[in-house]
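Asks: Please see the structure below; I have some questions.
Numbering (this note's numbering), first residue to last: 7 to 418.
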């Protein structure tokens with residue numbers, strides 16, 4: 007698989023670790039999950055005392071009453087907040103996919119905002135050095151999929167912080183689609199890009215703090231000085247609506263937790279000539295193209311995939327693929343999220359799309375290989391493999407990754 011274990015686990019201390027707070031409950035009904043930031047603030051920012059702090063964050067870095075953590079920390083004289091670092095889409099979230107906000111001074115706080123998007127290694131280390139901070143803090147909501155770029159922003163920032171001699175602190179947030187299982191193909195390093203730097207599975211089943219521990223223990227050539235501030239009240243079986251936390255879209259095309267539920271599978275349609283639903287109100291739940299008809303939904307339903315049904319659907323994206331055109335396709339309806347497997351579902355949809363629509367094609371740059379992490383999925387589907395054959399092709403690599411992953415999990 008390419009994942010090698012180092013004997014030394016440099017995961018840093020878990021700041022403010024407390025006994026389990028019991029199961030998370032539905033919104034508004036009793037105990038709430040407390041995020042890493044909530045616990046950091048409740049502890050008087052003790053983990054940051056005497057440090058000049060920079061924060062890597064975006065609009066998801068909010069408190070339970072939806073105040074942004076940068077605004078909260080800037081107003082609190084117990085923490086010396088000196089800089090903000092914005093990822094893809096920007097710190098305040100003004101940029102679409104593939105964009106960022108650049109370098110500017112935040113009008114609300116006056117803090118310098120530095121752009122991290124598409125920066126890594128020495129270039130990003132130089133940004134941290136120029137900012138004058140001692141400690142880099144990371145607080146961004148992930149959605150649980152390898153190709154969601156914020157986890158690679160985390161990775162790149164950890165590498166750069168080590169190069170710049172900075173301490174690194176990760177404030178944890180829930181995996182919104184649970185942390186029960188790792189699913190899907192494992193990346194082959196030959197296909198490493200910003201949608202997958204290292205060999206983890208397509209749906210990783212980890213929180214960002216757990217991923218940081220794994221990155222530090224397995225993948226970084228020189229581990230960074232790492233600390234993690236864990237959540238309380240979160241269990242691996244919790245979906246986001248069981249946390250009591252507010253949902254803030256982590257990116258413009260991730261509007262709801264329902265989007266995150268299917269994303270690890272249906273984002274694969276970015277690697278095809280079909281629309282993945284960008285430019286609609288249900289991105290990644292609506293899929294289609296000109297010329298697709300009811301036969302795709304019928305074929306997908308015939309697979310009898312667990313926890314999901316497919317509705318024949320027609321839609322007109324207002325941007326992205328097929329902008330302004332009415333296209334046919336399917337809408338996913340997850341009726342049993344405990345049984346639902348997003349990656350198997352995504353493969354089943356690719357197999358049936360190719361078989362039921364003569365116009366099916368992969369993107370000319372073979373982007374599907376970057377998303378799935380190797381040529382296997384594309385070549386197997388092109389060779390006529392069915393869903394079970396494609397899914398079976400990654401099971402050995404997945405089992406090996408699961409064994410590595412298990413060592414870095416911190417929640418029950």
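For every residue, glycine included, the Cβ atom is placed at its ideal position computed from N, Cα and C. All of these numbers come straight from a predicted model, not from anything done at the bench.
From the DSSP output, read off the bridge partner residues of residue 95.
Replies: As a working mapping, residue 95 is identified with position 89 in the chain shown. DSSP output for residue 95 lists no bridge partner at all.
Asks: Sort 378, 128, 107, 127 by Cα distance to residue 120 and report the nearest one.
Replies: Stepping through the chain shown from its first residue, residue 120 is reached at position 114. Measuring from the Cα of residue 120, the nearest candidate turns out to be 107.
Asks: If you drop the 5 nearest sequence neighbours on each side, which residues of the same chain put their C-beta closer than 7 Å to that of residue 380?
Replies: Here residue 380 refers to the residue found at position 374 when the chain shown is read from its first residue. The residues are 191, 194, 197.
Asks: Among 187, 97, 109, which one has its Cα closest to the Cα of residue 407?
Replies: Counting from one through the chain shown, the residue named residue 407 turns up at place 401. Per the Cα distances, 187.
Asks: Please go through the same chain and pick out, in chain order, the residues whose beta-carbon is closer than 7 Å to the beta-carbon of residue 201, but skip the five residues on each side of it.
Replies: Taking the chain shown and counting its residues from 1, one reaches residue 201 at position 195. Closer than 7 Å at the Cβ level, and outside the excluded window around residue 201, lie 153, 155, 376, 377.
Asks: Would you tell me roughly how many angstroms separate the C-alpha atoms of residue 278 and residue 139, rounded to the nearest one?
Replies: Your numbering for residue 278 matches position 272 in the chain shown. Your numbering for residue 139 matches position 133 in the chain shown. Each residue's alpha carbon lies about 43 Å from the other.
Asks: Taking 7 Å as the threshold (beta carbon to beta carbon), is residue 243 in contact with chain D?
Replies: Given the protein chain composition of this structure (a single chain), no chain D is represented.
Asks: Please give me, in chain order, every unbroken run of the beta strand (DSSP E) with length at least 3 that falls completely inside the segment 117-194.
Replies: 118-121, 141-145, 173-177, 189-192
Asks: With H, G and I counted as helix, E and B as strand and the rest as coil, what does DSSP make of residue 257?
Replies: For this step, residue 257 is matched to residue 251 along the chain shown. It is coil, neither helix nor strand.
Asks: If the criterion is Cβ atoms closer than 7 Å, does the pair residue 298 and residue 363 meet it?
Replies: Numbered from 1 along the chain shown, position 292 holds the residue referred to as residue 298. Numbered from 1 along the chain shown, position 357 holds the residue referred to as residue 363. Contact flag set, yes.
Asks: Should residue 151 and residue 270 be called a contact, given that it needs their Cβ atoms to be closer than 7 Å?
Replies: Within the chain shown, numbered from 1, the residue matching residue 151 stands at position 145. Within the chain shown, numbered from 1, the residue matching residue 270 stands at position 264. The answer is yes: Cβ separation under 7 Å.
Asks: Measuring only the C-alpha atoms, how far is residue 412 from residue 215?
Replies: Position 406 of the chain shown, counted from the first residue, corresponds to residue 412. Position 209 of the chain shown, counted from the first residue, corresponds to residue 215. Near 14 Å, if we compare the C-alpha coordinates of residue 215 and residue 412.
Asks: Note down the Cα distance separating residue 317 from residue 349, rounded to an integer number of angstroms.
Replies: Within the chain shown, residue 317 is the residue found at index 311, counting from 1. Within the chain shown, residue 349 is the residue found at index 343, counting from 1. C-alpha separation (whole angstroms): 19 Å.
Asks: Sort 117, 123, 118 by Cα distance to residue 105 and report the nearest one.
Replies: Reading the chain shown from its first residue, position 99 is the one you call residue 105. The candidate whose alpha carbon is nearest that of residue 105 is 123.
Asks: Grab the span of the beta strand (DSSP E) containing residue 337 for me, first residue to last.
Replies: Your numbering for residue 337 matches position 331 in the chain shown. Here the beta strand (DSSP E) through residue 337 covers 333-340.
Asks: Quick one: residues in its chain with C-beta nearer than 6 Å to the C-beta of residue 326, no 5 flanking neighbours on either side, listed in chain order?
Replies: Counting from 1 along the chain shown, the entry for residue 326 is found at position 320. Sequence-distant Cβ neighbours of residue 326 in its own chain, meaning closer than 6 Å and more than five residues away, are 284, 285.
Asks: With three or more C-beta pairs closer than 8 Å as the rule, is the segment 88-99 touching the segment 55-69?
Replies: yes
Asks: With distances taken Cα to Cα, identify the nearest neighbour of residue 229 among 57, 366, 166.
Replies: Position 223 of the chain shown, counted from the first residue, corresponds to residue 229. Here the closest residue by C-alpha is 166.
Asks: Is residue 143 near the ligand COA, going by C-beta to nearest heavy atom under 6 Å?
Replies: Absence of the ligand COA is noted for the structure shown, with no ligands found whatsoever.
Asks: Where does residue 14 land, buried or exposed, given buried means 16+ other C-beta within 10 angstroms?
Replies: In the chain shown, residue 14 corresponds to position 8, counting from 1. Residue placement at residue 14 cannot be trusted, given a pLDDT of 26 that sits under 50; the coordinates are not used to answer.
Asks: Check for me: the alpha helix (DSSP H) holding residue 42 runs from which residue to which?
Replies: Counted from its first residue, the chain shown places residue 42 at position 36. Here the alpha helix (DSSP H) through residue 42 covers 42-48.
Asks: Taking 6 Å as the limit between beta carbons, can you name the residues of its chain near residue 369, skipping five residues before and five after?
Replies: Here residue 369 is taken as the residue at index 363 of the chain shown, counted from 1. 277.
Asks: In chain order, what residues of the same chain lie with their CB nearer than 6 Å to the CB of residue 147, ignoring the 5 residues before and after it?
Replies: Here residue 147 refers to the residue found at position 141 when the chain shown is read from its first residue. Closer than 6 Å at the Cβ level, and outside the excluded window around residue 147, lie 66, 179, 256.
Asks: Sorted by chain position, which residues of the same chain lie with C-beta nearer than 6 Å to residue 311's C-beta, five sequence neighbours on each side aside?
Replies: Against the chain shown, residue 311 aligns to sequence position 305. Result list for residue 311: 351, 354, in chain order.
Asks: On the criterion of 16 or more Cβ atoms from any shown chain inside 10 Å, does residue 36 qualify as buried, or is it exposed?
Replies: Within the chain shown, residue 36 is the residue found at index 30, counting from 1. Because residue 36 carries a pLDDT of 42, less than 50, the predicted location of this residue cannot be relied on, and the following value inherits that uncertainty. Result: exposed.
Asks: How long is the line joining the alpha carbons of residue 280 and residue 258, rounded to whole angstroms?
Replies: Within the chain shown, the letter at position 274 stands for residue 280. Within the chain shown, the letter at position 252 stands for residue 258. Residue 280 and residue 258: Cα-Cα distance of roughly 19 Å.
Asks: Hey, residue 265 and residue 290: beta-carbon distance below 7 Å or not?
Replies: The sequence position of residue 265 within the chain shown is 259, counting from 1. The sequence position of residue 290 within the chain shown is 284, counting from 1. Cβ distance < 7 Å, so residue 265 and residue 290 count as in contact.
Asks: Quick one: grab the DSSP three-state call for residue 417.
Replies: Taking the chain shown and counting its residues from 1, one reaches residue 417 at position 411. Coil at residue 417, not helix or strand.
Asks: When DSSP labels each residue in this structure, what does residue 401 get in the three-state scheme?
Replies: In the chain shown, counting from the first residue as 1, residue 401 sits at position 395. In this structure, residue 401 counts as helix in the three-state DSSP scheme.
Asks: Could you spell out the range, first to last residue, of the beta strand (DSSP E) harbouring residue 292?
Replies: The residue labelled residue 292 in the question sits at position 286 within the chain shown. Taken as a continuous stretch (DSSP letters only), the beta strand (DSSP E) holding residue 292 covers 292-295.
Asks: With a threshold of 16 other CB atoms inside 10 Å of the CB of residue 128, please say whether the residue is buried or exposed.
Replies: Locating residue 128 in the chain shown gives position 122, counting from the first residue. With fewer than 16 other Cβ atoms within 10 Å, it is exposed.
Asks: Unbroken alpha helix (DSSP H) runs of length 4 or more, entirely within the segment 332-394: which are they?
Replies: 348-362, 373-378, 382-388
Asks: How big is the Cα-Cα spacing for residue 110 and residue 98?
Replies: Numbered from its first residue, the chain shown carries residue 110 at position 104. Numbered from its first residue, the chain shown carries residue 98 at position 92. Cα to Cα, the separation comes out at about 12 Å.
Asks: For residue 336 versus residue 319, is the C-beta distance shorter than 7 Å?
Replies: Taking the first residue of the chain shown as position 1, residue 336 is located at position 330. Taking the first residue of the chain shown as position 1, residue 319 is located at position 313. For residue 336 and residue 319, yes; Cβs fall inside 7 Å.
Asks: To the nearest angstrom, how far is the alpha carbon of residue 80 from that of residue 163?
Replies: By 1-based counting over the chain shown, the position of residue 80 is 74. By 1-based counting over the chain shown, the position of residue 163 is 157. Their Cα atoms are separated by approximately 22 Å.
Asks: Where do the N-terminal and C-terminal ends of the beta strand (DSSP E) with residue 76 fall, by residue?
Replies: Numbered from its first residue, the chain shown carries residue 76 at position 70. Taken as a continuous stretch (DSSP letters only), residue 76 belongs to no beta strand (DSSP E), being part of the alpha helix (DSSP H) at 75-80.
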